[in-house]
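Q: Take the sequence shown: its letter number 444 is residue 444 in UniProt numbering, and every next letter is one higher.
All C-beta atoms in this analysis are idealised placements derived from N, C-alpha and C, irrespective of residue type, glycine included.
From a predicted model like this one, the values you see are computed outputs, not experimental measurements.
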Amino acid sequence: MSKAKIFLLLCFSFIVGIGLSSLIKISPPFLGGILILGIFLISVFWKNKKIVLLGFCVIVAAVAFWRQDFLSKPENLSPEIPISSYNDLGEASIIGIIDNEPEAGPAAVKYEVRASKIKLAGNAETNLPAQAGVGGRIIVTARKYPRYQYGDEIEIVGKLKTPPKFDDFDYRAFLAKDDIFSVIAYPKYINQISFGNGKIYYRYILSFKNKFEEVIAQILPEPQASFLSALLIGSRQAIPPDLMEAFNTAGVTHIIAISGYNITIIAFVLAAFLGFLRLSRPMIFWLTLLTILFFTALTGAQASVVRAAIMGSLVLLASKEGRIYQVTNALVFAAAAMLWFNPKLLRWDAGFQLSFLAALGLIYFQPILARIFMKQEMEEKLTPFAKRAFEKIKEIFLTTISAQAAVLPVLIYNFDRLSLISPLANVLILPAIPLTMFFGFISAALGFVFMPLAKIAASVVWLFLSYEIWVVEGLAKFPYASLEIFNFPFIFAVLYYALLIWLGFWLNPVRSR
Numbered sequence: 001m002s003k004a005k006i007f008l009l010l011c012f013s014f015i016v017g018i019g020l021s022s023l024i025k026i027s028p029p030f031l032g033g034i035l036i037l038g039i040f041l042i043s044v045f046w047k048n049k050k051i052v053l054l055g056f057c058v059i060v061a062a063v064a065f066w067r068q069d070f071l072s073k074p075e076n077l078s079p080e081i082p083i084s085s086y087n088d089l090g091e092a093s094i095i096g097i098i099d100n101e102p103e104a105g106p107a108a109v110k111y112e113v114r115a116s117k118i119k120l121a122g123n124a125e126t127n128l129p130a131q132a133g134v135g136g137r138i139i140v141t142a143r144k145y146p147r148y149q150y151g152d153e154i155e156i157v158g159k160l161k162t163p164p165k166f167d168d169f170d171y172r173a174f175l176a177k178d179d180i181f182s183v184i185a186y187p188k189y190i191n192q193i194s195f196g197n198g199k200i201y202y203r204y205i206l207s208f209k210n211k212f213e214e215v216i217a218q219i220l221p222e223p224q225a226s227f228l229s230a231l232l233i234g235s236r237q238a239i240p241p242d243l244m245e246a247f248n249t250a251g252v253t254h255i256i257a258i259s260g261y262n263i264t265i266i267a268f269v270l271a272a273f274l275g276f277l278r279l280s281r282p283m284i285f286w287l288t289l290l291t292i293l294f295f296t297a298l299t300g301a302q303a304s305v306v307r308a309a310i311m312g313s314l315v316l317l318a319s320k321e322g323r324i325y326q327v328t329n330a331l332v333f334a335a336a337a338m339l340w341f342n343p344k345l346l347r348w349d350a351g352f353q354l355s356f357l358a359a360l361g362l363i364y365f366q367p368i369l370a371r372i373f374m375k376q377e378m379e380e381k382l383t384p385f386a387k388r389a390f391e392k393i394k395e396i397f398l399t400t401i402s403a404q405a406a407v408l409p410v411l412i413y414n415f416d417r418l419s420l421i422s423p424l425a426n427v428l429i430l431p432a433i434p435l436t437m438f439f440g441f442i443s444a445a446l447g448f449v450f451m452p453l454a455k456i457a458a459s460v461v462w463l464f465l466s467y468e469i470w471v472v473e474g475l476a477k478f479p480y481a482s483l484e485i486f487n488f489p490f491i492f493a494v495l496y497y498a499l500l501i502w503l504g505f506w507l508n509p510v511r512s513r
């Protein structure tokens, strides 16, 4: 067995270990037994390479179990007293710094606060000090006004609570994946102590992002303005609820969500568009990669976006090099490395799941479908321009089908919905997305220099945005455009992926290698 395959197996063993450890809890003695089993297999059967490899895989899986358990405990994340230790002890005064971009909703704002001090207000029955330095982050849900910004140091007076678990959604586990174990809902008051804290570069990025949104709002009417903001920087708060529902029904929400799924699809569509312009393959690769990096920075380079960019870039590399197995190793290693730092991603982060599966779908199934739908006789009768256009539209269609086939159970499981109209919606919309993004960015950039000229340029992007909204709203009105599927059985997902893998081997002419 080659070194590359051994490396792939070890990384995969770590991922499997993380997956199992998120589903079942094992005691330290049992974990020690697994570790001893791996050492036993290596030491006793050291002449049998396959058993030795199995032993190393068992050890790696045991390490994954330990890592999951270690990082699931708040006390291991900070040298200070975890802020979550004070959950459910009544009212408290907490001082901390807003650690991320505030998330504004229709009636409230969510702040992610990194706590530094706490003071209990009452006589709570606890062995903890009533006043202490603490570590950890909390989610504070507050009224929309007054507004506070990233880097503001604030004092919050309210009741610190353990995040709830709902019947259809485990909010506690959802926050725990980001190492957040405490929430405060509508505190008594918030007092700003200072401002300008936090990372300087991130403050500048957010300032530019906010200005970017303001310019878009000045050069375009609604809902085109909020749609363009979502498309370029993933800012969806201002999109009208009825339009958002239409995006969900039509199955095209991915184009307005900065995720691995979104970045991967957009990267492929952009590459297809640049190929239509007959640019060289190296030029297509570098322009698309630079676009991914640019949007990663523009959205604030948050951890979820960086993960998405890594996945999208690896798929792009696979397309450029044509070396599926080497890029598969890189993709699996990237996933294993991300899970080492945050094991909770595998089970609780839908974005991570969609990123990884969409990448695998595009790497493995898009080439298979491309071979099945090779040039037909009708294509030979087309003009050269029409032939190229047809090829690129077909490529976009196959890209969409490949990615959606790979992520379908995860989409249904997480969002309780199956869009039947999604393939058609994607084929009609995705070819226009690169031009929409290009003219949208140019128009917004001109708004920083000369607003009248920006408004003239925005008339072009308005046409593209209006067309895309028209398609989405029109298709969403079709009867049975989407189906609601609640409580999707896990076993169905397992059977689906087993069938998909079998089809991949059966349809792949090099499956025997």
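(1) Grab the span of the alpha helix (DSSP H) containing residue 447 for me, first residue to last.
(2) Considering just the uninterrupted stretch of the beta strand (DSSP E) at residue 127, what are its terminal residues?
(3) How is the beta strand (DSSP E) around residue 185 delimited, first residue to last?
(4) Round the Cβ separation of residue 193 and residue 155 to the nearest angstrom and send it over; I've been treating them as touching at under 8 Å.
(5) Given this structure, state the Cα-to-Cα distance separating residue 501 from residue 495, to the nearest angstrom.
(6) How is residue 480 classed by DSSP in three states: helix, strand or coil?
(7) Which residues in the same chain have their Cβ closer than 7 Å to the Cβ of residue 396, if we skip the five residues on either side of it in sequence?
(8) May I ask you to report which of helix, strand or coil DSSP gives residue 151?
(9) Should the stretch 173-182 be called in touch with the stretch 144-153, which here means at least 3 C-beta pairs below 8 Å?
(10) Pick helix, strand or coil for residue 237, following the three-state DSSP scheme.
(11) For residue 528, which three-state DSSP category applies?
(12) Report yes if the C-beta distance between residue 233 and residue 295 is below 9 Å; otherwise report no.
(13) Taking C-beta to C-beta, are residue 343 and residue 72 nearer than 9 Å?
(14) Tell me whether the stretch 333-353 and the stretch 18-34 touch, counting them as touching only if at least three CB pairs, one residue from each stretch, are closer than 8 Å.
(15) Runs of 4 residues minimum, wholly inside the stretch 11-79: which ones carry the alpha helix (DSSP H) assignment?
(16) Within 10 angstroms of its Cβ, does residue 519 collect 16 or more other Cβ (buried), or is it exposed?
(17) Please report the straight-line C-alpha distance between residue 437 and residue 460, rounded to a whole angstrom.
(18) Could you spell out the range, first to last residue, of the alpha helix (DSSP H) harbouring residue 86?
(19) Are there 16 or more other CB atoms within 10 angstroms of the CB of residue 281, so buried, or fewer, so exposed?
(20) Nearest-angstrom Cα distance between residue 434 and residue 165?
(21) Do residue 332 and residue 8 have their C-beta atoms closer together than 9 Å?
(22) Does the separation of the CB atoms of residue 351 and residue 406 fall below 9 Å?
(23) How many Å lie between residue 227 and residue 141 at the Cα?
(24) Would residue 373 and residue 398 qualify as a contact pair, given that the criterion is a beta-carbon distance under 9 Å?
(25) Tell whether a beta-carbon distance below 9 Å holds between residue 220 and residue 183.
(26) DSSP state of residue 278, grouped into three classes?
(27) Does the stretch 52-59 come close enough to the stretch 72-84 to have 3 or more Cβ pairs within less than 8 Å?
(28) DSSP state of residue 419, grouped into three classes?
(29) Hey, could you find the ends of the beta strand (DSSP E) residue 193 is sitting in?
(30) Nearest-angstrom Cα distance between residue 110 and residue 387?
(31) List the residues that DSSP assigns as beta-bridge partners of residue 92.
(32) For residue 12, which residues in the same chain have their Cβ closer than 7 Å to its Cβ, ignoring the five residues on either side in sequence?
(33) By the 10 Å Cβ neighbour count, where 16 or more other Cβ atoms means buried, how is residue 449 classified, buried or exposed?
(34) Tell whether a beta-carbon distance below 9 Å holds between residue 81 and residue 113.
(35) Below 8 Å on the Cβ atoms is my contact criterion, and I expect residue 191 with residue 417 to pass it. Report the Cβ-Cβ distance as a whole number of Å.
(36) Could you tell me whether the Cβ atoms of residue 276 and residue 316 are closer together than 9 Å?
A: Taking the structure as given:
(1) By one-based count along the sequence shown, residue 447 stands at place 447. Taken as a continuous stretch (DSSP letters only), the alpha helix (DSSP H) holding residue 447 covers 433-447.
(2) Working through the sequence shown from its first residue, we reach residue 127 at position 127. Counting along the chain, residue 127 falls outside any beta strand (DSSP E), and DSSP gives it neither H nor E.
(3) In the sequence shown, counting from the first residue as 1, residue 185 sits at position 185. Note, residue 185: beta strand (DSSP E), 180-185.
(4) By 1-based counting over the sequence shown, the position of residue 193 is 193. By 1-based counting over the sequence shown, the position of residue 155 is 155. Contact holds; Cβ gap of about 6 Å.
(5) Position 501 of the sequence shown, counted from the start, is the residue given in the question as residue 501. Position 495 of the sequence shown, counted from the start, is the residue given in the question as residue 495. Residue 501 and residue 495: Cα-Cα distance of roughly 10 Å.
(6) Indexing the sequence shown from 1 puts residue 480 at position 480. DSSP, read as helix, strand or coil, puts residue 480 in coil.
(7) Indexing the sequence shown from 1 puts residue 396 at position 396. The residues are 269, 272, 427, 430, 431.
(8) Your numbering for residue 151 matches position 151 in the sequence shown. Coil.
(9) By the criterion of at least three beta-carbon pairs nearer than 8 Å, the stretch 173-182 is not in contact with the stretch 144-153.
(10) Along the sequence shown, read from residue 1 onward, the residue named residue 237 stands at position 237. DSSP places residue 237 in coil when its eight states are reduced to three.
(11) In the structure as shown, the chain begins at 1 and stops at 513. Residue 528 is therefore absent and cannot be evaluated.
(12) Taking the sequence shown and counting its residues from 1, the one referred to as residue 233 is at position 233. Taking the sequence shown and counting its residues from 1, the one referred to as residue 295 is at position 295. Result yes, Cβ atoms of residue 233 and residue 295 sit closer than 9 Å.
(13) Counted from its first residue, the sequence shown places residue 343 at position 343. Counted from its first residue, the sequence shown places residue 72 at position 72. Cβ distance < 9 Å, so residue 343 and residue 72 count as in contact.
(14) Cβ pair count under 8 Å is three or more, so yes.
(15) Counting whole runs of 4 or more residues, the stretch 11-79 contains the alpha helix (DSSP H) stretches 28-44, 49-71.
(16) Nothing about residue 519 can be read from this structure; the chain reaches only from 1 to 513.
(17) Against the sequence shown, residue 437 aligns to sequence position 437. Against the sequence shown, residue 460 aligns to sequence position 460. Spanning the two alpha carbons is a distance of roughly 11 Å.
(18) Along the sequence shown, one-based indexing puts residue 86 at 86. Segment: none, residue 86 is in no alpha helix (DSSP H) and carries neither H nor E.
(19) Within the sequence shown, the letter at position 281 stands for residue 281. Exposed is the call here.
(20) The sequence position of residue 434 within the sequence shown is 434, counting from 1. The sequence position of residue 165 within the sequence shown is 165, counting from 1. Spanning the two alpha carbons is a distance of roughly 40 Å.
(21) For this step, residue 332 is matched to residue 332 along the sequence shown. For this step, residue 8 is matched to residue 8 along the sequence shown. Their beta carbons are under 9 Å apart, which means residue 332 touches residue 8 by this criterion.
(22) In the sequence shown, counting from the first residue as 1, residue 351 sits at position 351. In the sequence shown, counting from the first residue as 1, residue 406 sits at position 406. Against a cut-off of 9 Å, the Cβ pair of residue 406 and residue 351 comes out as no contact.
(23) Translated into the one-based positions of the sequence shown, residue 227 becomes position 227. Translated into the one-based positions of the sequence shown, residue 141 becomes position 141. Taken atom to atom, the span from the alpha-carbon of residue 227 to that of residue 141 is near 25 Å.
(24) Here residue 373 is taken as the residue at index 373 of the sequence shown, counted from 1. Here residue 398 is taken as the residue at index 398 of the sequence shown, counted from 1. Yes, the Cβ-Cβ distance between residue 373 and residue 398 is below 9 Å.
(25) Your numbering for residue 220 matches position 220 in the sequence shown. Your numbering for residue 183 matches position 183 in the sequence shown. 9 Å or more divides the Cβ of residue 220 from the Cβ of residue 183.
(26) The residue you call residue 278 lines up with position 278 of the sequence shown. It is coil, neither helix nor strand.
(27) Touching, no, given that fewer than three Cβ pairs across the two stretches are closer than 8 Å.
(28) Here residue 419 is taken as the residue at index 419 of the sequence shown, counted from 1. Shown here, residue 419 sits in a strand according to DSSP, grouped into three states.
(29) Taking the sequence shown and counting its residues from 1, one reaches residue 193 at position 193. Note, residue 193: beta strand (DSSP E), 189-194.
(30) For the purposes of this step, residue 110 is taken as the residue at position 110 of the sequence shown. For the purposes of this step, residue 387 is taken as the residue at position 387 of the sequence shown. In a straight line, the C-alpha of residue 110 is about 50 Å away from that of residue 387.
(31) Working through the sequence shown from its first residue, we reach residue 92 at position 92. Answer is 120, 158, bridged to residue 92.
(32) Taking the sequence shown and counting its residues from 1, the one referred to as residue 12 is at position 12. Excluding positions up to five away in sequence, the list reads 332.
(33) Against the sequence shown, residue 449 aligns to sequence position 449. Within a 10 Å sphere around the beta-carbon of residue 449 sit fewer than 16 other beta-carbons, which makes this residue exposed.
(34) Translated into the one-based positions of the sequence shown, residue 81 becomes position 81. Translated into the one-based positions of the sequence shown, residue 113 becomes position 113. Result no, Cβ atoms of residue 81 and residue 113 do not sit closer than 9 Å.
(35) Working through the sequence shown from its first residue, we reach residue 191 at position 191. Working through the sequence shown from its first residue, we reach residue 417 at position 417. 42 Å between Cβ atoms; not a contact.
(36) For the purposes of this step, residue 276 is taken as the residue at position 276 of the sequence shown. For the purposes of this step, residue 316 is taken as the residue at position 316 of the sequence shown. In terms of Cβ geometry, residue 276 and residue 316 do not form a close pair [threshold 9 Å].
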